[in-house]
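Same order as they appear, the protein sequences are chains A and B. Quick note on the working numbering: the first sequence kicks off at 1 and runs consecutively. Quick note on the working numbering: the second sequence kicks off at 114 and runs consecutively. Just so you know, even glycine gets a beta-carbon here, dropped at the ideal spot from N, CA and C. Taking it in order: structure first as structure tokens, then the write-up.
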Amino acid sequence: ETGVTQSPTHLIKTRGQQVTLRCSSQSGHNTVSWYQQALGQGPQFIFQYYREEENGRGNFPPRFSGLQFPNYSSELNVNALELDDSALYLCASSAQDTFGELFFGEGSRLTVL
Amino acid sequence: QKEVEQDPGPLSVPEGAIVSLNCTYSNSAFQYFMWYRQYSRKGPELLMYTYSSGNKEDGRFTAQVDKSSKYISLFIRDSQPSDSATYLCAPADFGNEKLTFGTGTRLTIIP
Numbered sequence: 001e002t003g004v005t006q007s008p009t010h011l012i013k014t015r016g017q018q019v020t021l022r023c024s025s026q027s028g029h030n031t032v033s034w035y036q037q038a039l040g041q042g043p044q045f046i047f048q049y050y051r052e053e054e055n056g057r058g059n060f061p062p063r064f065s066g067l068q069f070p071n072y073s074s075e076l077n078v079n080a081l082e083l084d085d086s087a088l089y090l091c092a093s094s095a096q097d098t099f100g101e102l103f104f105g106e107g108s109r110l111t112v113l
Numbered sequence: 114q115k116e117v118e119q120d121p122g123p124l125s126v127p128e129g130a131i132v133s134l135n136c137t138y139s140n141s142a143f144q145y146f147m148w149y150r151q152y153s154r155k156g157p158e159l160l161m162y163t164y165s166s167g168n169k170e171d172g173r174f175t176a177q178v179d180k181s182s183k184y185i186s187l188f189i190r191d192s193q194p195s196d197s198a199t200y201l202c203a204p205a206d207f208g209n210e211k212l213t214f215g216t217g218t219r220l221t222i223i224p
């Protein structure tokens with residue numbers, strides 16, 4: 001059974017640029033959630049995708065957008081990067097009938113200069 | 114006021130000690146209470162969850178919820194160096210897709 005994988009693991013961008021982060025969900029999971037974890041903080045919910053549609057969104061501006069593909073993998077896109085976007089971005093997959101049981105990847109560490 | 118408050122620590126205890134980790138929350142709608150463990154440079158992993166008030170035990174770990182005071186606890190008995198990690202509480206209400214994580218408490222078990 002393959003776990004949640006994320007790419008890239010680390011990346012550096014400059015303010016104003018755009019970034020795309022990728023996530024492959026665990027086998028058998030049809031739901032993907034994205035979280036932002038700033039240094040020394042707990043993860044904050046960005047949004048969730050279920051069957052290729054957004055299924056809930058946290059308090060993040062529209063420049064944070066996402067996609068889910070038919071194979072349940074997902075992308076997180078962030079436009080017009082700001083310094084405060086520097087964080088660990090975590091993807092988590094879950095099965096629809098297992099509330100609260102998220103399986104996280106190791107994250108993509110984004111640094112914005 | 115944050116929805117979930119958790120002392121960030123750091124907390125250092127000797128091996129074999131009993132560890133108590135706590136969170137408070139403000140949202141009365143929360144009914145599910147998860148504890149996640151996050152090792153350095155890793156993603157969080159689900160440790161335990163409870164529904165509504167009461168206790169739940171799993172090996173050396175006990176989760177406790179007091180909904181009347183909006184207080185969540187995780188106890189670790191016979192702590193081991195391998196328990197050194199950040200512990201995140203994450204309450205949620207059914208039907209809401211998101212988990213609301215606390216700041217996390219960084220725990221170190223000293224051999």
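Chain A contact for E158(B) (CB, 8 Å cutoff): yes
Test: L201(B) CB closer than 8 Å to a CB of chain A: yes
Nearest candidate by alpha-carbon position, reference Q26(A), set K13(A), E101(A), V112(A): E101(A)
Cβ of Y138(B) within 8 Å of any chain A Cβ: Y138(B) does not count as touching chain A.
Below-8 Å beta-carbon distance, N59(A) vs any chain B residue: no
Within chain B, the residues that P62(A) reaches when beta carbons sit closer than 9 Å: The premise fails here: P62(A) is roughly 18 Å from chain B at the closest Cβ pair, so nothing lies under 9 Å.
Residue closest to L81(A), alpha-carbon to alpha-carbon, out of T14(A), H10(A), G58(A), E53(A): T14(A)
Range of the contiguous beta strand (DSSP E) that encloses T213(B): Counting along the chain, T213(B) falls outside any beta strand (DSSP E), and DSSP gives it neither H nor E.
Other residues of its chain near L216(B): CB distance less than 6 Å, five sequence neighbours each side excluded: As written in the sequence, residue 216(B) is Thr, which differs from the Leu given in the question. Hits under 6 Å: Q119, P121.
Rounded separation between E53(A) and Q68(A) - CA only: 7 Å
Neighbouring residues, chain B, relative to G100(A) (Cβ below 8 Å): Y145, M147, L159, Y162, A203, A205, L212
For D85(A), three-class secondary structure by DSSP: DSSP places D85(A) in helix when its eight states are reduced to three.
Minimum Cβ-Cβ distance from K155(B) to chain A less than 8 Å: yes
Helix, strand or coil at D206(B) [DSSP, three-state]: coil
Three-way DSSP call (helix, strand, coil) for P127(B) in this model: The answer is strand: DSSP assigns P127(B) an E or B state.
Stretch pair the segment 81-92 of chain A + the segment 186-196 of chain B: three plus CB contacts closer than 8 Å: no
Touch test, the segment 163-171 of chain B against the segment 123-130 of chain B, Cβ-Cβ under 8 Å, three pairs minimum: no
Cα-Cα separation between T31(A) and S182(B), rounded to whole angstroms: 33 Å
Proximal residues of chain A, C-beta to C-beta of P121(B) below 8 Å: Within chain A, the C-beta atoms nearer than 8 Å to that of P121(B) come from G40, in chain order.
Exposed unless 16 or more other CB atoms sit within 10 angstroms - verdict on G129(B): exposed
Close beta carbons around R63(A), own chain, < 8 Å, minus the five adjacent residues each side: V78, N79, A80
D196(B) in three-state terms, based on DSSP: Assigned with DSSP and collapsed to three states, D196(B) falls in helix.
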